[in-house]
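Have a look at the structure below, then the notes.
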Amino acid sequence: MNGLSGLLLKLWRSYSTGLAVLVVGFVLSLLTPNFLRPENLLNVLGNASIVGIVGLGMTLAIAAGMFDLSVGSTAAFAACITLSMVPQYGVLLSVLAGVAVGALIGLINGLIITELRVPAFIATMSMMAIARGSALIYTDGRDVYLFGYPDYKVLTRPLWGILPMPVVLVLAILLVLALVMAHTRFGRYILAVGSNLSAARRSGLRSSLVTWGVFAVVGATAALTGLIVSAQVLTANARLNVGLELSAIAVVVVGGTSLTGGRASLVGTLLGSLLVTIINNGLNLLNVPIFYQQLTVGVLLLGALAISVGPDFNPMTYLRRQG
Amino acid sequence: MSVSGSISQPLLRARGISRRFPGVLALDNVDFDVHPGEVHALVGENGAGKSTLINILAGVYQPSGGVLEVSGRPTVLPNPASAQQAGINVIFQEFNLVPDLSVAENVFLNREPTRGLWIDWASMYRRTVEIVELLEIDLNPKTAVCNLPVAQQQLVEIARALAFDAQVVVMDEPTAALSEVEIDRLLQLVRSLANRGVGVIYVSHKLGEVFGVADRITVLRDGKRILTAPCAELTEEQVVSAMVGRELVHTECPTRHPGDVVLSVRDLASGQAVSNVCFDLRAGEVLGLAGLMGSGCSAVLETLFGLRGMTSGQVTLDGQLLLIHGPRSAIGAGIGYVPDDRKRAGILPDLSVMHNITIGVLERIRRGVLIDQRQEQDIMDNYGKKLSIRCRSASQMVSGLSGGNQQKVIVARALAQDCRVFLLAEPTRGVDVGAKAEMYKLIDMLLEAGMAVLLQSSELPELIRLADRCIVFAGGRPCGELARGELTQPAVMALATGAAIGQVDFKFLKPDSRAQEAVCQEEV
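Quick mapping for you: the protein sequence lines, in order, are chains A and B. This note's numbering numbers the first residue of the first sequence as 1 and each following residue consecutively. This note's numbering numbers the first residue of the second sequence as 1001 and each following residue consecutively.
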C-alpha cells in the first residue's frame, strides 16, 4: 500500500479508538453537563484503569495468539486470599501475596497449556471454574470483610490528593510492559510466537517459557484488578469480578490488537478501556438501566471485531466495497 | 505444427484488458485468447499480472478497461458464479474444496442433484463415477477429500470443472505441490481435456512443463503482454528472457573443492518415515536428496533438525556425537533448516525484516535485560548486504517481501545463528525465475564460505544444477546414490520409482504426438 491510502490506513489503525473516545466524550458532554465534572472524569479514569490493568495483561496473551478466560476467577481468588491475610500480615505483604497468587495461577495455566498440550482456550476455561471453585471453598461461600483496616484503601485512594491510585498503577504497568514489548527478548518472543508458532520454534525459541511468562503476567494483572475492586468496598467474595474476562478481551480488541496474534497495542488497550468505561458512564449519567451496559459492551466488541477482521483491514477498500 | 484453434472462434478472448489497483497498473492493455482444444500457457514472474488476469477471467475482479468475449459475444462477469455459468472454471492454487466432504459432494457442491427436497445421492455418485471414468483416473467418490493426497485433490477440482461442463478451464500453478510422477500424469490429463475440445489456460512458471503441454505461450511482464507465440516457434531461453526482461546469465555450477567431513550420519531412522540413512557431508559440498513425496527424503531433514524423533542412528558433527532433541539443540550444534513451506514454518509475518533475522540470536546481543539495538542493526546491515535482501527498510514487515526475499531472510536467520550445516528443503518453491537464480548463487556463496548443504528438492533440474551427488529415496529408504556425472532426470526417476532405466518414458506427451497417445496409466 502506498501514498495517501497507506497513510490513511496507518492513521486509522493508530487513532481510531482515540478518535472514538473523543467523539463519544464530546457527545456525552453535550447530552449531560455532569459528564465533564472533575469528579466524574476522575471516576471514569479510575474505572478505566481497573479494567485497563487486566487488559494490559490480556494484550500480551492475545499478542501471543492465546486467551485467558480465567482472569475473573483469578481476580476473585486473589482478592479473597489477600483480604483474609491483611489482619495478620498487614497490607503490603498481603497485596504482594495476592499478586503472587495470581501469577501462580497464570503459571499453572501456562503449564497446563504446554505440558498437557491443552489449547489455551480450554485450559483457561477449566481454570475459570477451578479458581472460582477454590475461592468458594476457601471462603466457604461467605464474604470476607475488612472493616477497620482503612489502610487497604491505599489501592483506590488518590495519590497526592489528585490521581486515583489505579491510574498511577495502570500507567506504571503500561510503561513497564511497553519497555518489555519493544526492547526485551521476552517481548520479541511473544510477538514471534503469536505471529507464527511453528516458525518461532524452528528459530530455536523455547515457546513454553514464553507461554508460562505470558500467563504469569496475565494472572498477576488479573489479581491486581481484583484487589483494587475489593479495596473499593473493603469486601471480597468468590463472586467477585464475574465476567471480567469479557471486558478484558473486549478492551484489547476495541483497542485494535488483532486476535490473530503477533501484534500488541498496549496504548490501544488503555484507549479501549477508556472508551468502554466512558460509554458505560454515559449510560449511567443518562439513567439508562445497568442491564443495558453489558449489552453495550457486547455490541461494541462485535462492532470492533467486524471492522477489524484480520490484520489487513483497510477502511478505504471497505468503503469502496460499500460504494 | 497445427493449432486447431487458428481457424475456429476463440472460446474466450480478452481484448485490451487493463486493471488498476491503487497505485499500481496490474494489467496494461492485455490481449489473450484461448481456442477449443488448445492449451494456452500463461507465464511470467511473480507480480507480472498472471493472477490478476485469472481473477478477471474468474469474475473475481472487474477489468478497469477492455472487453471480455465469450464465444465471440462481449460479456461482463460480475461475480464468480457468472463466470461458471459462462463455462469458465478456474482451479486456483489454493483449492476450493471442503475437506470434510466426500469427493462426490465436492464435485457437485452447490449443484447437488435433488429429488424434491432431498439430495439424490444415487445419481450424485453415479454421475461422479461417470466423470471419474471419463478422466480415466482412480478416485473413490465416497472418500473424504481431506484423506486424499494433494495430487488427488487436484483431480477432484478437475472433475468438478468437467461436471460444470466447463468450456474453459484455467489452472493456476497446478503442479506447485506435486511430485514429478504426479506432474506427469496431470499433464497427460490436461492434454486429454484439450482433446475433448476444452480450452485450457495453463498458468505456471515451470517452463519444462509448459513446453511439454502447451500449444501456445503468452508471456506477461509488469502487467504487459510481452509475447504470444506457438510453443514450437520458441525456445526456453527466449521465454525466460521475455519473462525477466533481460538475458539471464546461464549460471553454471562453479567447480567446488569439498573439504573435510562435517556431518556424518550413520543408520539414521525415524519410525516408519525413514530408515537406513548413512552419509558423510563435507564442507563446501551439496548433497542432494531426491525422491517422490513420502519417500523419506524430507523426513531426513526433519529428523536432523529435531522436528521428528530419531529412533536409531548416530549423527556426528565435526567428530562430536550429537544428541538432537529439537530445533534448539540442532541450531546450537550448528545445523540450520530452511523449511519448504516458508509461510507456515519459516517467516514471522507480523515482525519486521530485521526482527525476523535476529530472532534466533537475541540471547547473544543483549545489554542487561534489554536487546542491544546497535548490534541488532549491525546484524541486519551485514546480512542484508551479504544476501542482498531487497526491502524498503529494516523495519518493513517481512510479509511484504517477495517469496525469494523472504527465503533469503530465513537463510540470514540461520547464518546469524552461526549455522554451518544447512538443511534446505525446496529452497526455490514458489519463487520466480530471477529469484531462483539468485538463490542458486546464494547457495554457491555459502559453499565457498565453507558451509555444507543438504538439499532436498522435488525439482530435478535444481538438483542437477546444485548437487555434487545425490541420494535417491523410495519407500522410506535410500535406494541409490548418483554422482555428479550420473545425475540425469531418467536416472533419478528410475531409482525413485523403482524401475529400471528405459522402462518408463518420462517425456511428457508432446502436442504433435498426442493424438495417438493413450491417456495416462496407473503407476507404481
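For glycine and all other residues, C-beta sits at the position ideal for the given N, C-alpha and C. Computed from a prediction, not measured in an experiment: that's the story for all the values here.
Annotation for T1316/B: no alpha helix (DSSP H) segment contains it, though the beta strand (DSSP E) segment containing it runs 1312-1317. Taking 8 Å as the cut-off, the Cβ atoms of P1327/B and R185/A do not count as close. Annotation for D1378/B: the continuous alpha helix (DSSP H) segment containing it runs 1373-1386. The CB of N287/A never comes closer than 9 Å to any CB in chain B; the least such distance is about 44 Å.
Uninterrupted alpha helix (DSSP H) stretches at least 4 residues long and entirely within the region 40-104 of chain A occur at 71-89, given in chain order. If you look at S1275/B, you'll find it in the beta strand (DSSP E) that goes 1274-1282.
Closer than 8 Å to the CB of N196/A there is at least one CB belonging to chain B. For G106/A, DSSP assigns no beta-bridge partner whatsoever.
Straight through space, the alpha carbons of G1336/B and G1360/B are spaced by roughly 11 Å. Under the rule that a run must span 3 or more residues, the beta strand (DSSP E) segments found entirely inside the region 1440-1496 of chain B read 1452-1456, 1469-1474, 1477-1483. Taking the CA atoms as reference points, T277/A sits about 38 Å from N1356/B.
Annotation for I249/A: M58, F67 place their beta carbon closer than 7 Å to its own, counting only its chain and skipping 5 residues before and after. Within chain A, no residue has its CB atom less than 9 Å from the CB of E1133/B, the nearest being about 41 Å off. Residue burial is scored here from C-beta neighbours: V23/A has fewer than 16 other C-beta atoms within 10 angstroms and is therefore classed as exposed.
Taken in chain order, the members of the region 1343-1358 of chain B whose beta-carbon sits within less than 9 Å of a beta-carbon on chain A are K1343, R1344, A1345, G1346, I1347, L1348, P1349, D1350, L1351, H1355, N1356, T1358.
In terms of beta-carbon proximity, V1277/B stays away from the interface with chain A, with every pair separated by 8 Å or more. Residues of chain B with a Cβ closer than 7 Å to the Cβ of T184/A are, in chain order, V1369, L1370, I1371. For T225/A, the closest alpha carbon among the candidates Y189/A, S258/A, V167/A, L197/A is that of V167/A. Annotated three-state conformation of H1325/B is coil, per DSSP. Taken atom to atom, the span from the alpha-carbon of I1017/B to that of P1063/B is near 6 Å.
Residues of chain B with a Cβ closer than 9 Å to the Cβ of R142/A do not exist, since the nearest Cβ in that chain sits about 43 Å away. D1031/B is positioned such that its CB atom lies closer than 8 Å to that of R1225/B. Here Q1396/B is exposed. Its C-beta has fewer than 16 other C-beta atoms within 10 Å. By the neighbour-count criterion, in which 16 or more other beta carbons inside 10 Å mark a residue as buried, I53/A falls on the buried side. The distance from the Cβ of A1041/B to that of V1210/B is about 4 Å, consistent with a contact at the 8 Å cut-off.
By alpha-carbon distance to V1261/B, the top candidate from V1240/B, G1319/B, A1416/B, R1216/B is G1319/B. Closer than 8 Å to the CB of A192/A there is at least one CB belonging to chain B. Taking a C-beta cut-off of 7 Å against chain B, none of the residues of the region 164-179 of chain A qualify. For M1171/B, the enclosing beta strand (DSSP E) has its first and last residue at 1168-1172. For the region 1397-1430 of chain B, the set of positions with a beta-carbon nearer than 8 Å to some beta-carbon of chain A reads R1413, Q1417 in chain order. Considering only S1275/B, D1100/B, V1132/B, D1468/B, the residue with the shortest C-alpha distance to N1147/B is D1100/B. The way I'd put it, the region 1082-1100 of chain B does touch the region 1144-1163 of chain B; three or more beta-carbon pairs between them come closer than 8 Å.
The closest CA to that of V1353/B, considering only F1422/B, V1369/B, E1363/B, V1411/B, is found on V1411/B.
As the crow flies, the alpha-carbon of L286/A is around 34 Å from that of F77/A. For E1209/B, the three-state secondary structure derived from DSSP is helix.
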